[in-house]
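Below: one structure, written as structure tokens.
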Amino acid sequence: MAKSKQPVNLTSAEVAEKAGVSPDQAKRLWRALGFPEIGDDEAFFDEADVNALTKANEIAGNGLVSFDLVVNLTRGIGQSMARLSDYEVSALLHHVETQNEDDRTPAELLKATVSVSEQFESAFEEMMIFAWRRHMRAALARAEASVAGPEEQLGTVWQTVGFADIVSFTALSNTLTEEKIGDLVELFESRCADVVATWGGRIIKSLGDSVLFVNDDPLQAYGTAEGIINVIGRDPRMPDVRVGLASGNVVSRLGDVFGPPVNMAARLTAVARRNRIIVDEATAGTMPEDEFETRRLAARPVRGFGIVEPVAVRRV
1 MAKSKQPVNL TSAEVAEKAG VSPDQAKRLW RALGFPEIGD DEAFFDEADV
51 NALTKANEIA GNGLVSFDLV VNLTRGIGQS MARLSDYEVS ALLHHVETQN
101 EDDRTPAELL KATVSVSEQF ESAFEEMMIF AWRRHMRAAL ARAEASVAGP
151 EEQLGTVWQT VGFADIVSFT ALSNTLTEEK IGDLVELFES RCADVVATWG
201 GRIIKSLGDS VLFVNDDPLQ AYGTAEGIIN VIGRDPRMPD VRVGLASGNV
251 VSRLGDVFGP PVNMAARLTA VARRNRIIVD EATAGTMPED EFETRRLAAR
301 PVRGFGIVEP VAVRRV
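Take the sequence shown: its position 225, counted from the start at 1, is 225 in the UniProt record's numbering, and no numbers get skipped.
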């Protein structure tokens, strides 16, 4: 494992004192970052921890935001960085393992992974900051769009939500080795991410065998759904997929989206045929008749929505 470049010689109480916060505040921030509790008498921390805690205290101390909000934002950082770190390490391990032409042991492969990580750590850190700043500007632009409409609801915006999942993933995964399952999930998520970005959307979350995405424009959302089917379901080496789309007001909170369209998109996916796109009435109503053919399916009960008539859509 990579070691800290500074001596680890401070307890949590000492870190809190040097940063000018209470021990309770220090523990709240530590938990928010997603780290386990450390005993009060354990010298587990270094000056980097003091600097981070000092910065958090300065943000709250300037009066712009409360300490509770700092904790909330810190939780977002912790969750995002934990997932990114797991993603990064698993990708590096896989890379090193596939390059293992001299039959190194698992311990040697891990050591090689650590070495590779350390070599590009600085450049990757700059890339993370660049991406964060760009995404911050985009997020602020979406917040601005939420008050530009007639309803002017801050944090609420009309969007099309898409849900795509692999057909019969559970049964399929039972026939594959762990390595092949990992490769399948990685390929599915990466291809979906590329398609979503191409059509100007955002992936909200990936669940291994499914992805949840949003687009501001329903036609772009359809292009996203169509693209996912083309790169996944039309590839004979990949399993079939199903995609559901639903449109309406969506609330964005803590990096996630909520609202009836989110639930409807997931419900519709469950009744879609293989490599087909199924949409709700709101989305179908936005499709130009000279470009798309819509066909109402038999009404059926949809959990949480009562009787619903899904709509099958295809490009003419």
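C-beta: ideal position from N, C-alpha, C; glycine also. Just so you know, these numbers come straight off a predicted model, no measurement behind them.
Distance CB(Gly223)-CB(Trp199) smaller than 8 Å: yes
Between the Cα of Ile166 and those of Asp49, Glu289, Val271, Ala48, spot the shortest distance and give me the residue it belongs to. Val271
Starting from the Cα of Thr160, find the closest Cα among Gln119, Thr11, Ser252, Ala43 and give me that residue. Ser252
Taking all protein chains shown into account, decide if Gly201 is buried (16 or more other Cβ within 10 angstroms of its Cβ) or exposed. buried
Report yes or no: do the stretch 178-198 and the stretch 128-136 share at least 3 C-beta pairs separated by less than 8 Å? no
So does the stretch 67-84 actually touch the stretch 19-33, counting three or more Cβ pairs closer than 8 Å? yes
Identify every run of the alpha helix (DSSP H) within the stretch 80-159, keeping only runs that are complete inside it and at least 4 residues long; order them along the chain. 106-146
Neighbourhood of Gln220 by C-beta distance below 6 Å, restricted to the same chain and skipping five residues each side: Trp199, Gly200
Distance check for Val15 and Phe45, CA to CA, integer angstroms please. 7 Å
By alpha-carbon positions, which one of Val96, Glu144, Ala52, Val195 ends up nearest to Ser115? Val96
Glu293 - partner residues in DSSP beta bridges: Arg314
At what residues does the alpha helix (DSSP H) containing Gly182 begin and finish? 178-198
Counting pairs of beta carbons, one from the stretch 98-117 and one from the stretch 72-86, are three or more of them closer than 8 Å? no
Taking a contact to mean a Cβ-Cβ separation below 8 Å, would you say residue 328 touches Ile277 in this structure? Residue 328 cannot be examined here, being either before or after the span of the chain that is shown, 1 to 316.
Give the secondary structure of Ala246 by DSSP, where H, G and I count as helix, E and B as strand, and everything else as coil. strand
Flag this pair as yes or no: are the beta carbons of Gly227 and Val279 separated by less than 8 Å? no
Can you tell me whether DSSP reads Ile59 as helix, strand or coil? helix
Distance, Cα to Cα, Phe124 vs Met81? 13 Å
Just the C-alpha distance for Ser206 and Leu212, rounded to the nearest angstrom, thanks. 6 Å
Let me check you understand the geometry: is the CB of Lys180 closer than 7 Å to at least one non-hydrogen atom of the ligand ATP? You won't find the ligand ATP in this model; it holds no ligand whatsoever.
Cα separation between Glu217 and Leu109? Rather than Glu, the amino acid found at residue 217 in this sequence is Asp. Their Cα atoms are separated by approximately 46 Å.
Could you pull out every residue in the same chain whose Cβ sits closer than 7 Å to the Cβ of Ala13, ignoring the five residues on either side in sequence? Pro23, Asp40
6 Å Cβ shell around Arg314 - same chain, five flanking residues per side excluded: Glu293
Residue from Asp240, Gly20, Thr11 whose Cα sits closest to the Cα of residue 394: Only positions 1 to 316 of the chain appear in the structure, and residue 394 is not among them; the question remains open.
Check the DSSP bridge columns for Asn215 and list the partner residues they point to. Thr160
Environment of Phe169 [buried if 16+ CB atoms lie within 10 Å]: buried
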